[in-house]
Amino acid sequence: MAEVLVYVDHVDGAVRKPTLELLTLARRVGEPVAVALGNGAADTAATLAEHGAVKVLTHEASEYADYLVVPKVDALQAAVEAVSPAAVLVPSSAEGKEIAARLALRIGSGIITDAVDLEAGDEGPVATQSVFAASFTTKSRVSKGTPVITVKPNSAAVEAAPAAGAVEALAVTFSDKATGTKVTARTPRESTGRPELTEAAIVVSGGRGVNGAENFAIIEALADSLGAAVGASRAAVDAGWYPHTNQVGQTGKSVSPQLYIASGISGAIQHRAGMQTSKTIVAINKDAEAPIFDLVDYGVVGDLFDVVPQLTEEINTRKG
Amino acid sequence: MSLRIVVTVKYVPDATGDRHFADDLTVDRDDVDGLLSELDEYAVEQALQISENSDDDVEVTVLTVGPEDAKDALRKALSMGADKAIHVEDDDLHGTDAIGTSLVLAKAIEKAGYDLVISGMASTDGTMGVVPALLAERLGVPQVTLLSEVSVEDGTVKGRRDGDAASEQLEASLPAVVSVTDQSGEARYPSFKGIMAAKKKPVESWDLSDLDIEAEEVGLEGAYTVVDAAAERPARTAGTIVKDEGEGGKQLAEFLAGQKFI
Chain A
1 MAEVLVYVDH
11 VDGAVRKPTL
21 ELLTLARRVG
31 EPVAVALGNG
41 AADTAATLAE
51 HGAVKVLTHE
61 ASEYADYLVV
71 PKVDALQAAV
81 EAVSPAAVLV
91 PSSAEGKEIA
101 ARLALRIGSG
111 IITDAVDLEA
121 GDEGPVATQS
131 VFAASFTTKS
141 RVSKGTPVIT
151 VKPNSAAVEA
161 APAAGAVEAL
171 AVTFSDKATG
181 TKVTARTPRE
191 STGRPELTEA
201 AIVVSGGRGV
211 NGAENFAIIE
221 ALADSLGAAV
231 GASRAAVDAG
241 WYPHTNQVGQ
251 TGKSVSPQLY
261 IASGISGAIQ
271 HRAGMQTSKT
281 IVAINKDAEA
291 PIFDLVDYGV
301 VGDLFDVVPQ
311 LTEEINTRKG
Chain B
1001 MSLRIVVTVK
1011 YVPDATGDRH
1021 FADDLTVDRD
1031 DVDGLLSELD
1041 EYAVEQALQI
1051 SENSDDDVEV
1061 TVLTVGPEDA
1071 KDALRKALSM
1081 GADKAIHVED
1091 DDLHGTDAIG
1101 TSLVLAKAIE
1111 KAGYDLVISG
1121 MASTDGTMGV
1131 VPALLAERLG
1141 VPQVTLLSEV
1151 SVEDGTVKGR
1161 RDGDAASEQL
1171 EASLPAVVSV
1181 TDQSGEARYP
1191 SFKGIMAAKK
1201 KPVESWDLSD
1211 LDIEAEEVGL
1221 EGAYTVVDAA
1231 AERPARTAGT
1241 IVKDEGEGGK
1251 QLAEFLAGQK
1261 FI
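Pasting the structure below:
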């Protein structure tokens, strides 16, 4: 069976969930070979093996943290040359897409980004994408070279599939472009203790109707009662009520959780683009005419300052 | 000292319109009104700010690849304050994918001459967000992308990139390719004076032969990817809507419990 390269997104050896989802998809098209780079690369092996990686290629060097994107492209290119894979899968983060694009260009391949599903096909892997603010679904494939495909979080289940996960050192020679863009400082994001927005099973979002940074406390309280991530509409972010990293929509994060709860969000196309593929959608809004109600499985027309606290209290009571 | 900035912009179908696919599964650009991609306005804005804050002689050129109507996007950028425009137009470009687009843009940027390329973070139609990285790869210059803050001084570009896990400060020597996010600063509206002045600004038109690109390298034929099918997503089935009469939160909890979320 052909090998499929999977680029590993990890933080000091802790593998992030979208990479494990990629392993599930990779097993449909071949034998997953993981590529883990930078500090803690070898520590990823046990988790990757549990989820189906037959091999884990690792390389540690300070360049991966000190310079933007290119060192990782150099390494992934070395892995492609060493393995001659049937496809290369990369998590669809902002950086992941940049790495994948440059790799594709170098190896003379096409690239598909933001796939939401992947299956084997007669002419190579077939990627499903959700386009035009999720109003259309397309099936695409790479027609030249080794397919390079980035996949969005929550596109597949994480599955246990024990494999050898043999660690092998990857030989990497950095190109002369590798040190072009220096990272002069890095400030890690403060942890909120809540799940990562794009990875969360439940997302609770607030919009213009929340009407102030201080009022986001009631959105956070509801999120915490459900173990959810907190999102915000562009209106709420532009008003300075909540950080941009939590923005859901076209210019923010695109989420696809099991449950999405929109509070005080009217549902403009730009917002819908980021949440329309959620499995179950619930909205609370004062305006019965708000377009968000066209999307919902359940909607409450009412004042979020009454409905949300009552909902939170009821959830906490039911949980005992 | 002079600084030549090339801003890449895209003419896209209006996202609030009824976007769909043409019979050949390319984006239908005829039946929907087009406009300058909103995310490219931020790139134009940052180019103008760099120009205004610089002691150097700065020239801002806007560049687009697209059909005849794409001139509207150039005109908008010129009315915001860009100095001149280049329009790459060729019938053979129909159906060009991201890899091909980056080839055309890179050749045009090289022909125009540049010290700094500024792009938006993504287009609002394709939304791939990969063209800036592809341009850096093709041009062989540093990639300083997804900046929420950008400045240029003494031949160095610096900026802040807000990632998922961390916020990074980046630095590179010119020439370089930059992309900016919608957090980089609100884009200005064209003034009446700007709109009038734009009518007199030069717009050059280039075709593939001007850029030494063969027709087979671009278009649907030259594409590295194939769209086999496109289907409209089925409308979501109408949900239950209740009016809050004092028990709305509890009713919602009941629904969530029924769906096993609680």
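Sequence lines, in order, name chains A and B. The first sequence begins at 1 in the numbering used here and counts up one residue at a time. The second sequence begins at 1001 in the numbering used here and counts up one residue at a time. The C-beta atom is built at its ideal place from N, Cα and C for all residues, glycine as well.
A distance of 8 Å or more separates the beta carbons of T58 of chain A and A1166 of chain B. The segment 1070 to 1146 of chain B is shown to contain whole alpha helix (DSSP H) runs of 4 or more residues at 1071 to 1080, 1098 to 1112, 1131 to 1139, in chain order. Rounded to whole angstroms, the Cβ separation of D1033 of chain B and D1014 of chain B is 5 Å, and the two are in contact under 8 Å. Going by beta carbons, V29 of chain A and L76 of chain A fall outside the 8 Å limit.
Exclusion of the five residues before and after Y1224 of chain B leaves D1097, I1099, G1100 as the residues of its chain whose Cβ lies within less than 8 Å of its Cβ. Of all residues in the segment 1235 to 1254 of chain B, the ones placed with a Cβ closer than 9 Å to any Cβ belonging to chain A are A1235, R1236, T1237, A1238, G1239, T1240, I1241, V1242, K1243, D1244, E1245, G1246, E1247, G1248, G1249, K1250, Q1251, L1252, A1253, E1254, in chain order.
Closest in C-alpha terms to G227 of chain A, from the list A:S254, A:G249, A:V248, A:Y260, comes A:Y260.
Annotated three-state conformation of N316 of chain A is helix, per DSSP. Taking the beta carbon of Y1224 of chain B as reference, the chain A residues within 9 Å of it are A104, G108, S109, G110, I111, V142, S143, K144, G145, listed in sequence order. Look at L304 of chain A here: in three-state DSSP terms it is helix. Restricting attention to A:A2, A:M275, A:A101, the CA atom closest to the CA of V33 of chain A is found in A:A2. With 16 or more other Cβ atoms from the protein chains shown falling within 10 Å of its own Cβ, P147 of chain A counts as buried. Taking a 10 Å sphere around the C-beta of A178 of chain A, we find 16 or more other C-beta atoms and assign the residue as buried. The C-beta of T19 of chain A has 16 or more other C-beta atoms within 10 Å across all chains shown, which makes the residue buried. Against chain A, a Cβ distance below 7 Å from R1233 of chain B picks out A134, S135, F136, T137. Of all residues in the segment 1120 to 1154 of chain B, those with a C-beta nearer than 9 Å to a C-beta of chain A are M1121, A1122, T1124, D1125, G1126, T1127, M1128, G1129, V1130, V1131, P1132, A1133, L1134, A1136, E1137, R1138, G1140, V1141, P1142, Q1143, V1144, T1145, L1146, S1148, reading in chain order.
For V230 of chain A and G1239 of chain B, the gap between their C-alpha atoms comes out near 23 Å. Between M1080 of chain B and R1188 of chain B, the gap from beta carbon to beta carbon is short of 8 Å. Its Cα nearest to that of V255 of chain A, the residue A:Q270 stands out among A:G264, A:Q270, A:Y242. Fewer than three beta-carbon pairs drawn from the segment 1196 to 1213 of chain B and the segment 123 to 136 of chain A are found closer than 8 Å, and the two stretches are therefore not classed as touching.
Neighbourhood of E1041 of chain B in chain A, by CB distance below 9 Å: empty, with the nearest CB roughly 12 Å away. Just measuring C-alpha positions, the residue of B:T1124, B:L1211, B:E1216 sitting nearest V1104 of chain B is B:L1211. By DSSP's assignment, N285 of chain A forms a beta bridge with A:V301. Chain A has no Cβ within less than 8 Å of the Cβ of I1109 of chain B. Note on R1004 of chain B: 16 or more other CB atoms within 10 angstroms of its CB, so buried under the neighbour-count rule. P1013 of chain B has B:G1034 as its beta-bridge partners, per DSSP.
DSSP, read as helix, strand or coil, puts F1192 of chain B in helix. Distance from the Cα of A1073 of chain B is smallest, within the candidate group B:K1010, B:D1125, B:M1196, B:P1175, for B:K1010. Where A101 of chain A is concerned, the enclosing alpha helix (DSSP H) starts and stops at 94 to 106. Counting only residues of its own chain and dropping the five nearest sequence neighbours on each side, K1071 of chain B has a CB closer than 7 Å to the CB of H1087, V1203. Between I1050 of chain B and the set B:D1028, B:L1036, B:G1159, B:V1130, the nearest pair of CA atoms involves B:G1159. Partner residues in a beta bridge of P18 of chain A, as assigned by DSSP, do not exist. Interface with chain B (8 Å Cβ-Cβ cutoff): T47 of chain A is excluded. For G302 of chain A, the neighbours in chain B by C-beta distance under 8 Å run, in chain order, K1243, D1244, G1248.
Counting along the chain, P188 of chain A sits inside the beta strand (DSSP E) bounded by residues 182 to 188. For L259 of chain A, the neighbours in chain B by C-beta distance under 7 Å run, in chain order, F1261.
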